[in-house]
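J.:
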Amino acid sequence: MATSASSKLSKAVKQQYMELPQGGKVQAMYIWIDGTGEGLRCKTRTLDCEPKTIEDLPEWNFDGSSTYQSEGSNSDMYLVPAVMFRDPFRKDPNKLVLCEVLKYNHKPAETNLRASCKQIMGMVEQHHPWFGMEQEYTILGTDGHPFGWPSNGFPGPQGPYYCGVGADKAYGRDIVESHYRACLYAGVEICGTNAEVMPAQWEFQVGTCEGINMGDHLWMARFILHRVCEDFGVVVSFDPKPISGNWNGAGCHTNFSTKEMREAEGLKVIEESIERLAKRHMYHIRAYDPKGGLDNARRLTGHHETSNIDEFSAGVANRGASIRIPRTVGQEKRGYFEDRRPSANCDPYIVTEALVRTCLLKEEDDEPTDYNK
Amino acid sequence: MATSASASLSKTIKQQYMELPQGDKVQAMYIWVDGTGEGLRCKTRTLDFEPKSIEDLPEWNFDGSSTYQAEGSNSDMYLIPAAMFRDPFRKDPNKLILCEVQKYNRKPAETNLRITCNKVMEMVRDQHPWFGMEQEYTILGTDGHPFGWPSNGFPGPQGPYYCGVGADKAYGRDIVEAHYRACLYAGVNICGTNAEVMPAQWEFQVGPCEGIDMGDHLWVARFILHRVCEDFGVVASFDPKPIPGNWNGAGCHTNFSTKEMREDGGLKAIEESIEKLGKRHEYHIRAYDPKGGLDNARRLTGHHETSNIHEFSAGVANRGASIRIPRSVGQEKRGYFEDRRPSANCDPYGVTEALIRTCLLSEEGEEPTDY
């Protein structure tokens, strides 16, 4: 069983310590995205009183040369608190604080995609853009093999696992249940979970979130998942194609709507948006994983309920298309649409930003418009 | 020991997370029968309120191409909430919601047998049909071998295991005990349990349930059993003949009565029903497992307290017959009768509907009447 050494440490002993009262002191765990654009880092500081809003939290800094973000000779980087959540691991009054990263010169770090997303969302507030993202992931043992799979082989082929129940169908439900509760406690907008097509693969959904909240809540949900898996001694992978061959990949299907799309006859606006997306396929593919499309190329093959990475397509109730319009939306002539292209390891800030740029700001070029000029 | 990897994960850790308060959010787990007609699937959504009745629950949908129910190009299927229970795994205020499945065109899915069962039950409401179903099942390790059996062999022959006690007689009682409590908490009408003739085989009984409730309660009891076994790292099998040879199969004996049968002189109504059943044996055999009789053919041999699949028979206190009239019923001249033919993996909606059609709606012939 490839679970970590840490998971064998006594949780009863840990519990005794965690029950110690902490007086008026509060622990605030600052969380940020590192230089890979997919990894998360965290460190904690003590505060003398419970922060009530994000403005109560001081700026901080860290050593960027240890997180693939700067050179050793000039490595200080700034942590700017952006969003605060309750801490499901240390519990009240302690906090989890999602931060933006600034370089030494106070410009956004390369992988700080929140700064630009916030600016873009600020430009389209009156459209009330809503998002829901379906985060797929795979549970691995510390040996890198999917959790519950026979150590030197494979389970039976896909078919019985999707939404399955039973020890021969569902691998690792404890993690899913714990993550769900932890997110609810923290205040993350988790709206559902299900077992996925490949055994040891699961999905949770975050939303409905407006604007910048989508990226904030999804990154926090991912951090909580890493932390929960760490407690159980297993690993979560957001790799889009963890096992090659006849095994499903992992995506982050993104559902999107505006006030106009949600109102009567909104389907017309949805179809206009899809036309714009069709003309800008490569720009979106570059935005939809942290390697400009290279990661997704292993996943978007046209098989296993994906579209082919080289072609754009759209259709009602069609899970093999780039964009799927849910059947109910086709019938009611209003609602939302689902972009099935984003990879599981995408950055939700740039995914949501790209959708807004193309559909609402009506950009057409290969490169995003710089609105600062 | 062939238990799952998941079973070795720390339950202390899990417990700590499950104790976190959830504010006013409620988790509703939607459950449905997949394309095999025997498999169950589930997924969860968050609600902002605690549903008080089934009408509070919204419709949902799922990808039928991943459950043997649709093609990928047109795969949306609808989930229609049908019956709500308390959730014994996540506890109050969270819920388990048993659902009906509809295809993209709003017609019932092929394995949605609840819809016609409900219609038929409505037609005979005033006769107050009661059912009790005796669900047998076998506990297997994740290697597919019965739980507790020697890994490359067999236990001693059948004899000491039925209702047995002791580590050499009862294999896996923890699962049975946990399942019983979970069903009671959930509001499932579980009325009893016993160890069965084959070691690692057990039985629970659900009922008496009136009309559509029988199918609803039995499906949820099965879901709860799968989920309990998953927690323990073992597998529940409803296969009707898991081990060939001199080992018992697993059935789902179905007890049935109407108001008339339960009243004085009701034995006459019972005997009339049995006559009707005697003329429609093949139709019932087709309804009593998910493969039109193929699964039951491995079980109904005429041995191991079963009747032969090709012959219909009935008798008082006769466990080798298709229909058994309990001795006390024979004596009091009223009560109920037991149809011993249904397979452990039958669909209770199909079984209870067939009994109503033949006995109460007096249908004859090979096909059910389309009303």
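For the protein sequence lines, the chains are Y and A, in the order given.
The first sequence begins at 1 in the UniProt record's numbering and counts up one residue at a time.
The second sequence begins at 1 in the UniProt record's numbering and counts up one residue at a time.
The C-beta atom is built at its ideal place from N, Cα and C for all residues, glycine as well.
The model shown is predicted, which means the values in this text are computed figures rather than measured ones.
For GLY172 (chain Y) and VAL234 (chain Y), which I take to be in contact (beta-carbon distance under 8 Å), what is that distance rounded to the nearest angstrom?
T.: Right, their Cβ atoms sit about 7 Å apart.
J.: Using alpha carbons as the reference points, say which of A:SER313, A:ARG286, A:ARG298, A:LYS291 lies closest to PRO368 (chain A).
T.: A:ARG286
J.: May I ask which residues mark the beginning and end of the beta strand (DSSP E) holding GLY192 (chain Y)?
T.: DSSP places GLY192 (chain Y) inside the beta strand (DSSP E), whose first and last residues are 190–195.
J.: Sort Y:ALA195, Y:PHE147, Y:GLN135 by Cα distance to ALA2 (chain Y) and report the nearest one.
T.: Y:PHE147
J.: Report yes if the C-beta of ASN74 (chain A) is less than 8 Å from at least one heavy atom of the ligand NAD; otherwise report no.
T.: Absent from the structure shown: the ligand NAD. Ligands present: none.
J.: Have a look at the DSSP bridge pairing and note the partners of ALA28 (chain A).
T.: A:ARG45, A:LYS95
J.: Taking a cut of 8 Å between CB atoms, which residues from the segment 39–64 of chain Y lie near chain A?
T.: Under the 8 Å Cβ criterion, the segment 39–64 of chain Y contributes no residue.
J.: So which residues of chain A does ARG262 (chain Y) contact, with C-beta pairs closer than 9 Å?
T.: Per Cβ cutoff of 9 Å: no residues; ARG262 (chain Y) is ~16 Å from chain A at best.
J.: As a quick exercise: from A:SER313, A:VAL26, A:GLU338, A:GLU332, pick the residue whose alpha carbon is nearest that of ILE325 (chain A).
T.: A:GLU338
J.: Closer than 9 Å, CB to CB, is PRO157 (chain Y) near chain A or not?
T.: With its beta carbon at least 9 Å from every one in chain A, PRO157 (chain Y) lies outside the interface.
J.: Taking CYS49 (chain Y) as the reference, give the member of Y:ARG41, Y:LYS95, Y:GLY293 with the closest Cα.
T.: Y:LYS95
J.: For the segment 4–13 of chain Y against the segment 55–70 of chain Y, do three or more pairs of beta-carbon atoms, one drawn from each stretch, fall closer than 8 Å, so that the two count as touching?
T.: no
J.: Are the C-beta of THR193 (chain Y) and some C-beta of chain A separated by less than 9 Å?
T.: Yes, its Cβ sits closer than 9 Å to a Cβ of chain A.
J.: Is it the case that the Cβ atoms of GLU134 (chain A) and PHE204 (chain A) are separated by a distance below 9 Å?
T.: yes
J.: Cβ closer than 8 Å: which chain A residues qualify as neighbours of PHE85 (chain Y)?
T.: Neighbours of PHE85 (chain Y) on chain A: none; closest Cβ ~13 Å, over 8 Å.
J.: Closer than 9 Å by beta-carbon distance: list the chain Y residues that pair up with VAL220 (chain A), in chain order.
T.: Within chain Y, no residue comes near VAL220 (chain A); the closest Cβ sits about 12 Å away, beyond 9 Å.
J.: Roughly how many angstroms separate the alpha carbons of THR36 (chain Y) and PRO290 (chain Y), rounded to a whole number?
T.: 8 Å
J.: The alpha helix (DSSP H) with SER70 (chain Y) in it runs from where to where?
T.: No alpha helix (DSSP H) contains SER70 (chain Y), which DSSP labels as neither H nor E.
J.: Who are the Cβ neighbours of ASP143 (chain A) in its own chain at under 7 Å, not counting the five residues just before and after it?
T.: ALA2
J.: How would you call MET282 (chain Y), buried or exposed, if buried means at least 16 neighbouring beta carbons within 10 angstroms?
T.: exposed
J.: Take the Cβ of ASN105 (chain Y) as the centre, count every other Cβ of all protein chains shown within 10 Å, and call the residue buried at 16 or more, exposed below.
T.: exposed
J.: Give the residues of chain A in contact with ARG319 (chain Y), contact being defined as C-beta atoms less than 7 Å apart.
T.: ASP63, SER65, GLY72, SER75
J.: Pick from A:TYR104, A:TYR68, A:ARG280: whose alpha carbon is nearest that of residue 427 (chain A)?
T.: The first residue shown for chain A is 1 and the last is 371, placing residue 427 (chain A) beyond what the model contains.
J.: Just list the residues that DSSP pairs LEU40 (chain Y) with in beta bridges.
T.: Y:ILE33
J.: Where does LYS95 (chain Y) sit, in a helix, a strand or coil, going by DSSP?
T.: strand
J.: For PRO21 (chain A), which residues in chain Y fall below 8 Å Cβ to Cβ?
T.: TYR185
J.: Applying the criterion that 16 or more other CB atoms from any shown protein chain within 10 Å of the CB defines a buried residue, is MET121 (chain Y) buried or exposed?
T.: buried
J.: Any beta-carbon of chain Y closer than 9 Å to the one on LYS259 (chain A)?
T.: For LYS259 (chain A), the answer is no, since every Cβ of chain Y falls outside 9 Å of its Cβ.
J.: Give me the chain Y residues within the contact set of SER4 (chain A), using Cβ-Cβ distance strictly less than 8 Å, ordered along the chain.
T.: Close partners of SER4 (chain A) in chain Y (Cβ separation under 8 Å): GLY148, ALA167, ASP168, TYR171.
J.: Quick one: what does DSSP say GLN15 (chain Y) is sitting in, helix, strand or coil?
T.: helix
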